[in-house]
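In my numbering, the protein residues as written are 97 to 236.
From the three backbone atoms N, C-alpha and C, an ideal C-beta is built for every residue, glycine too.
No experiment lies behind these values; they were computed from the predicted model shown.
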């Protein structure tokens with residue numbers, strides 16, 4: 097399992113790279129002003145850092161208890177479940193906030209969220225795969 101410091105480093109790098117990608121893509125695809133894109137990105141990144149720490153701790157604790165080998169060498173199935181679980185819970189928690197913040201319908205907020213979910217799900221998968229190669233988890 098990763099230490100608290102390793103989890104914080106993981107989460108911060110995750111958010112920095114995600115924010116860069118999102119802020120570049122939201123302006124041309126959704127005609128959002130760059131300042132609004134960055135504000136949304138930063139606010140959701142702060143929320144996601146906290147949620148990432150909680151979600152990954154719970155996920156790793158479950159793996160350690162029920163499937164300890166998967167903690168070290170994660171299968172494709174475990175990686176997909178992890179990415180979808182994290183993004184699915186983020187969607188449920190952030191959709192109403194986004195609709196209110198942008199003063200748009202839930203449908204419009206959902207359209208934006210779906211783009212973000214697809215982008216971030218793919219990003220999450222690739223980021224965690226590469227992070228595990230660069231900094232493999234250890235059983236402690």
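| query | result |
| --- | --- |
| Buried or exposed by the 16-neighbour rule on C-beta atoms within 10 Å, applied to residue 113 | exposed |
| Sufficient close CB pairs (3 or more, under 8 Å) joining the stretch 173-193 to the stretch 215-227 | yes |
| The ligand ATP heavy atom lying under 8 Å from the CB of residue 173 | The model on display carries no ligand, and the ligand ATP is accordingly not part of it. |
| Whole-Å CB distance - residue 102 paired with residue 145, under 8 Å assumed | At roughly 14 Å, the Cβ-Cβ gap does not stay under 8 Å, so residue 102 and residue 145 are not in contact. |
| Best match in 97, 231, 194 for proximity to residue 158 [C-alpha to C-alpha] | 97 |
| Own chain partners of residue 149 with C-beta closer than 8 Å, once the 5 adjacent residues on each side are dropped | 103, 104, 107 |
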